[in-house]
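Listed in order, the protein sequences are those of chains A, R, D, X, H and C. Numbered by the numbering used here, the letters in the first sequence go through residues 1 to 331 in order. Numbered by the numbering used here, the letters in the second sequence go through residues 1001 to 1331 in order. Numbered by the numbering used here, the letters in the third sequence go through residues 2001 to 2331 in order. Numbered by the numbering used here, the letters in the fourth sequence go through residues 3001 to 3331 in order. Numbered by the numbering used here, the letters in the fifth sequence go through residues 4001 to 4331 in order. Numbered by the numbering used here, the letters in the sixth sequence go through residues 5001 to 5331 in order. The structure appears right after this line, and notes come after that.
Number of protein chains: 6
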Amino acid sequence: MKKRVVTFGEILTRLTTHNYERFTQASNFQIDYGGTEANVALALSNWGVPTTHVTALPNNDLGKSAYNYLRQYGVNTKHVLFNEGRMGLYFLESGAMQRPSKIIYDRFDSAFANINQKLIDWDNILEGVDWLHWTGITAAISSNAAQMCLDALTAAQKKGITVSGDINYRRNLWQYGKTPLEIMPALIEKTTVIVSGLVDFENCLGINKQDYIKTCEAVAAKYSSVKKITNTNRETINSSHNKLSGILWDQGSLFESSSYDMTHIVDRIGGGDAYMAGLIYGLLHKNNTDALEFAVASSVLKHSVPGDANLVSLEEVEQLAAGKNIGKLLR
Amino acid sequence: MKKRVVTFGEILTRLTTHNYERFTQASNFQIDYGGTEANVALALSNWGVPTTHVTALPNNDLGKSAYNYLRQYGVNTKHVLFNEGRMGLYFLESGAMQRPSKIIYDRFDSAFANINQKLIDWDNILEGVDWLHWTGITAAISSNAAQMCLDALTAAQKKGITVSGDINYRRNLWQYGKTPLEIMPALIEKTTVIVSGLVDFENCLGINKQDYIKTCEAVAAKYSSVKKITNTNRETINSSHNKLSGILWDQGSLFESSSYDMTHIVDRIGGGDAYMAGLIYGLLHKNNTDALEFAVASSVLKHSVPGDANLVSLEEVEQLAAGKNIGKLLR
Amino acid sequence: MKKRVVTFGEILTRLTTHNYERFTQASNFQIDYGGTEANVALALSNWGVPTTHVTALPNNDLGKSAYNYLRQYGVNTKHVLFNEGRMGLYFLESGAMQRPSKIIYDRFDSAFANINQKLIDWDNILEGVDWLHWTGITAAISSNAAQMCLDALTAAQKKGITVSGDINYRRNLWQYGKTPLEIMPALIEKTTVIVSGLVDFENCLGINKQDYIKTCEAVAAKYSSVKKITNTNRETINSSHNKLSGILWDQGSLFESSSYDMTHIVDRIGGGDAYMAGLIYGLLHKNNTDALEFAVASSVLKHSVPGDANLVSLEEVEQLAAGKNIGKLLR
Amino acid sequence: MKKRVVTFGEILTRLTTHNYERFTQASNFQIDYGGTEANVALALSNWGVPTTHVTALPNNDLGKSAYNYLRQYGVNTKHVLFNEGRMGLYFLESGAMQRPSKIIYDRFDSAFANINQKLIDWDNILEGVDWLHWTGITAAISSNAAQMCLDALTAAQKKGITVSGDINYRRNLWQYGKTPLEIMPALIEKTTVIVSGLVDFENCLGINKQDYIKTCEAVAAKYSSVKKITNTNRETINSSHNKLSGILWDQGSLFESSSYDMTHIVDRIGGGDAYMAGLIYGLLHKNNTDALEFAVASSVLKHSVPGDANLVSLEEVEQLAAGKNIGKLLR
Amino acid sequence: MKKRVVTFGEILTRLTTHNYERFTQASNFQIDYGGTEANVALALSNWGVPTTHVTALPNNDLGKSAYNYLRQYGVNTKHVLFNEGRMGLYFLESGAMQRPSKIIYDRFDSAFANINQKLIDWDNILEGVDWLHWTGITAAISSNAAQMCLDALTAAQKKGITVSGDINYRRNLWQYGKTPLEIMPALIEKTTVIVSGLVDFENCLGINKQDYIKTCEAVAAKYSSVKKITNTNRETINSSHNKLSGILWDQGSLFESSSYDMTHIVDRIGGGDAYMAGLIYGLLHKNNTDALEFAVASSVLKHSVPGDANLVSLEEVEQLAAGKNIGKLLR
Amino acid sequence: MKKRVVTFGEILTRLTTHNYERFTQASNFQIDYGGTEANVALALSNWGVPTTHVTALPNNDLGKSAYNYLRQYGVNTKHVLFNEGRMGLYFLESGAMQRPSKIIYDRFDSAFANINQKLIDWDNILEGVDWLHWTGITAAISSNAAQMCLDALTAAQKKGITVSGDINYRRNLWQYGKTPLEIMPALIEKTTVIVSGLVDFENCLGINKQDYIKTCEAVAAKYSSVKKITNTNRETINSSHNKLSGILWDQGSLFESSSYDMTHIVDRIGGGDAYMAGLIYGLLHKNNTDALEFAVASSVLKHSVPGDANLVSLEEVEQLAAGKNIGKLLR
């Protein structure tokens, strides 16, 4: 029987300049949609995993378009709320060479930030579900969103659902009067698999042993629910050329993936989400080693696709993880 | 010596779908900029009138792009503030045939709504100025904006500057806790030339004598500063086919313009602002009859140009007002 | 409880030249999707009617894209088959002025033409359904498709489901060795509501009494299942300017709709399907008079939207049928 | 045996703004090619008439592109010269509503203006040819071009080839030190069929009897080679809506065509050339009445096609001249 | 006197997604044309070699557009047939980074597959010709096409024309009931220059000595007409970065070209055809060493040009082969 | 107090093909503006330096658009002349891989070439100015332009203004009858900072000591005004991959910058101008070492931005010069 996944978080309209144009030159924006949790949902759905994304959208044509986008790629939208508030946006200017990429977020006071928790019945949503995924972005958006996240995790824990959390610390969010240290520990307490770097651990849990493995051990020691901790290693040569690998700590064992040279990057946004989606898929269907290789291959392929979403097939990820068809012409 | 004009109000980034696409179909947005008062400023600047636009913009690349847009068309930006807050946006879907055009405003909590009045020195800004233009949109945006508008009018009145105000009542604005009836009368009291229809008068001044002329008389009777009242008559056959004329009441005398058949409309947004710009230009340089004809011709031409701004030359407006070159091929 | 609808037929990739370019000038094709029955499904789904579209698509990225398109707009795709065969295509060049629009069909040997009837369980698909819609296009595509259509109607008739059929005679189809007169009567025998003009009746049923009403009576006399017959009247002034009204014959009573002047048509493809969708919606929820007005208003609005699909809301159709908001600017 | 035609004149790169944008808004130019004589050549070639265009182009990629454009549509380019000088350009901004279309010519010092007559062997070029077409544009460009035109006509007259000339007076050309009255009479003396309006006659031949027919008679009386005189009547309602008909004077007999309402014009450039091409085709293959109807139908269809060239088939022109398929959807 | 070349094969409409978009994201297709033999013809024509391409196209606007494309670049189209059948298509999604490029062919039952051999008079077509080029694609398409290919080679052999054949084995073609081993040997028997890799030799001739040179010797031993065998060596680092060199076996002598690092590849389709065109040009005008360097330089440049065709000049290929102007800015 | 800069030279409309298309493939041109001195002005203005650009433009919409472009980015246009003559143009085809970029200039007889020196009052323009920048392009365009350049330098020298000159030798210019050796020495005599390579020195001053430092010494020995000489070292791997560093000779001392690997170049046009702008900024605000690093970082970033202008902020250049944020994602 198929494994089922639920993700929870905001989806934004993404407005991107064309052909490496700077914002001040642009006469058009490409319209896409993205959000770290929705990106995970889309990738999983694309690979045949029944995935439900829980979010709130404004009741206008912008919200409707984002809703349609989720449906287009097969994500279950039964539990999407249409709420008061605006559509969250983000503006993207793609970097090139040494010039960094640049994002302007415009997401405050969104329908998701105003999400109405009374309308969400987590017990119902999580019925028959195998995996729940959340991120620190949601916890940072608003008090309502953070509370709903906690409700979801509580419900999941009761049902024995595996919970993954991407700590994803962003200083510019967290504007609603709470610090990560006040909010995140309660969420980590109910989480099984964590994506985190040292900076995230320090800012959200106040734990930093300098060494990654020692920090993992300290986190797991303090938060008994935490069984696996993972992260990507990204070396940035320039905006179009990065190197990528992944690492997975599993209750004391350490797994390291192959490293990929990613040059001629098309779009790096969503690369981390593609990794997370790959890892969830992998941990649901494979051993740690294969799961990690699948996750990294998924992330690498994402960098070749424009937009936030990892529109690559299961077969394509498997092929890359097996070192096949790299850069070929398939007819 | 050249007449000088100051306008005050918000400028928004406009995001328009292409080729009559509905929002839910769009893969790109055309980027433009607009705002009723800025549209007036641009048209006047285009015709060689030194025009300063006073506004506030966010200190990011979106704000910078709007700022550059004003400079591109020669509007003086010396008094533009860079402020906290986001860039105001509006999304536009152009109607066709019987299908109406549709705007989604996304302007709450903008840099302009948060405008810091301490940074604006109206006495300095209005030095040597002949005409000040404001609209009811500004009064509706926030308490700060309304107060600044009143400050500007007070300063203008002291200097004997002609003040025009476009009442422009929009029910969906006015969210900051005040009603138009609480705010608008004090502004009208300092205004010389008003753009208003019956509905505007009723909602903003509580005056509606059913008949337009009688209402004008009642308004002028109550607000002694008001010397001229004007409005456009627009008959809407469908989204691409309208008829347009203008009317001007001047202390008891009534002037009516030619009527134009506008078919194959390219973009109707900013049509009213082009009329207002034309009227300001006309009243500064012509008699009432010619001013009114200039105003309507300006508005008609605007409907043939994509975007908010009336990018037509003085000569082109004069030619149309004189019935010349209509629909020709000029080489 | 919500009424449920099932539609059955081929969906094609539509490739359209831009800006009235002729095929021989084009450097790009706009990609859309359409098919007469899928167009009906999309419109109904858009209005909140749970609608399932049954079709077959090739198991490649072109088929997947069409599948995603149906999902995007909420059409239930549970019963879509992925089959051997190619993706059906049609190329469109939009006419202008006196120049006609031009379609090049490229649909032979498609996955739908090769549809494997053993994989379709109509009893299951039609469970709990209120309305089934088919068209003569399906009957014309291949022997397999025509047989499946008959199977569907037989199953529907057993369950007492209302069946509508759009005769839609096209001489260039019907290449598989059967004539309409051999195939269509058996299908009409199981149909309740027919869309047909005189030419369709003559070619598919061999009945033509010259007069439309008399022909309706003759058809109903011969085919006892047929209760309602409808058609649109389209007067073509030129490619961008048509007039449209509808007529509905219901067991001897005749209903005629308002007539609309459609000028500045954006895209006439799918106009008839929007009418049919409107009529199905209307007959499920309104009386004949209102249903017919709804159908015509739906069709008129379709002509303002690019692509095959009628992406207009229930409220927009109701507003037009009530004569409201025509050509306005809604903010 | 097929009739053969030769045309002589400059071909320009045409750079057009998109979607009715004004020059000052444009971020892109559409690239097309055009020139009054080349437009005639293309239409004739498109209808199966073997047509050779004689011109000069710069020996760079812009010249090569124009050359390829002629080849693409089957015009014989064997006698195209690659010359010193620049590529002639014209910039086009399409009008809308009352706003006129605007052309900026940038053709001085072009390769064609510098054409080297020693490289052209008219006797060879005109061998076996039935019709030669020239226009007053060529005579206006440079002394070299005017001389070459005269050489061509002299050679044609010797061989008994029918010669048509479109007087096409444009005041802004004629910069090389000669007036039309000094140049044109010698060319008209060798011409059989003239396209001209009253203004053209006055400026180029100094003849204007106010009345068109009387003027034709006066011209034919003075220039014995002239057998037929023709012109289009264009009534300009606005930039998108014109009415068009044609008139043909043939040695005392007058023929008038049907009148067409052209609304929703796509591109009016080249409308006169499409008329001329149609008339040449018609006079080579039909009687005067049918030739004139063919010419007007050809011109009408041109107005529906973007670009200078009349990319419509023989069958399409015949259909419109017969009143068939107007504004239909052909599948 | 100029050498003349004839090529024979199908030309397809190519539909490509933009900016590395995946098929499921695309809203537009770029329209190009290509086919392995036509690509060779275009390159040769571009270099001033009179080249005739023999093919069949459908008698509709898609076929006409492909025909015009050949004419645009100077390929002689006198012997193109307009036939029953559809336009062959192929859909292309360009790969990036590790992600492979992907082609969906849609060419079955095309006008070319249905080519009517009675309408082709090879003796006439090949009169005065120096070189005939065919490929294994043609042999794989249909029985008709393979037979016509054999007819062409027989006629060429009689006239002593040099024949080149690109074996180009593709498993997914060969659907008409014959295997390559049944068809190809008879064609190779009449061929002088072969492009082939080991896999091609094995599948089409049943010869594979593991070592390339030994295999060449075995092929030449069996097929006495075969004098030269060539192939490209492509090392694929990723979709945007390949290395390329060429090898030429000439009756026992072996020639190896310089190797090029091709990074930031724009479009790799047609790279092999550009090599073949370069080799034909080279062998007609140069010695083996220079011919091979010219062929590889031609192929390298092709990878920098979007579309199938190698739109680079003779001078540009010569410059690269001489190591000049690499990556410069030429003004 | 802010340092003020004046630049003098022609601004051209730049027309660029899209997506590496060759000229012969293009259906659209991207419109930009550029010119070596205007590019310097824009960059400086962008960094907050009050900069005035002196030039002449044609009095039409093309000239007006270029004028608006300068205003858009804050360049002072008070001293721009509107003159007789055409708009100078240049056509650009971007290279890729080994294929070079290609420019077609079309600037002869432009408004700038015809510049009317009587209308320029250099004493007034240079009042309160700190730096004047000119280039050898201007000297090469026309006798008028060269004379005006000399006038400007003479006025600057009187006022003690620092003068920089970019020798920028281009053989294809210099068509007005003078050689560089006749014109350039008088200009260098009044210049403080020179950009020049060995070839430039040889062609414009007749000095070439083979060794760069020795040549600098010889130039400074002969031209006593010259204090600093600079140049970039560009190593061209291919069109998308260059290496760049800078060198600065200051009265005997030599400074060398860091070297940057520029791969995935977006647009190399204007790279030298960005270097010059950076150096002017640096020399006005920093020591030699920092100025040189700033100049090179500015040039590197330019290569990542489409168009001629270096649309990067002061902070972005400072960051790169400090080795920060390279290729990151800034949110």
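Heads up, the beta-carbon is just placed ideally off N, CA and C, and yes, glycines get one too. Keep in mind that this is a model prediction, so the values were computed, not measured.
Neighbour flag for residue i against chain D, beta carbons, 8 Å
i: M1097/R; result: yes
Chain A within 8 Å of residue i, Cβ atoms only
i: R1170/R; result: no
i: E4021/H; result: yes
Cβ neighbour criterion (16 or more within 10 Å) applied to residue i
i: V4049/H; result: buried
i: E2293/D; result: buried
i: T5263/C; result: buried
i: D4211/H; result: exposed
i: A1007/R; result: The identity of residue 1007/R in the sequence shown is Thr, whereas the question assumes Ala. The residue in question, T1007/R, is buried, as its Cβ has 16 or more Cβ neighbours within 10 Å.
i: N2124/D; result: exposed
i: L2119/D; result: exposed
Identity of the residues DSSP links to residue i by a beta bridge
i: S5164/C; result: H5133/C, V5193/C
i: W2398/D; result: Here chain D has residues from 2001 to 2331 only, and residue 2398/D is not among them.
i: V2005/D; result: T2051/D, W2131/D
i: E1182/R; result: According to DSSP, E1182/R bridges with nothing at all.
For residue i, the three-state DSSP class (helix, strand or coil)
i: W2174/D; result: coil
Neighbour flag for residue i against chain X, beta carbons, 8 Å
i: A5026/C; result: yes
8 Å Cβ cutoff, residue i in contact with chain C
i: T4263/H; result: yes
i: T236/A; result: yes
i: V3031/X; result: For the record, residue 3031/X in the displayed sequence is Ile; it is not Val. For I3031/X, the answer is yes, since a Cβ of chain C falls inside 8 Å of its Cβ.
i: H241/A; result: yes
C-beta neighbour in chain H for residue i, strict 8 Å
i: L2311/D; result: no
Short CB-CB distance (under 8 Å) between residue i and chain R
i: S3259/X; result: no
i: G2307/D; result: yes
Interface positions of the stretch 3050 to 3082 of chain X facing chain E (Cβ-Cβ less than 8 Å), listed along the chain: No chain E is part of this structure, whose protein chains are labelled A, R, D, X, H and C.
Segments of 4+ residues assigned as alpha helix (DSSP H) that fall wholly inside the stretch 1007 to 1092 of chain R: 1036 to 1046, 1061 to 1072
Any alpha helix (DSSP H) of 4 or more consecutive residues that is wholly inside the stretch 290 to 322 of chain A: 314 to 321
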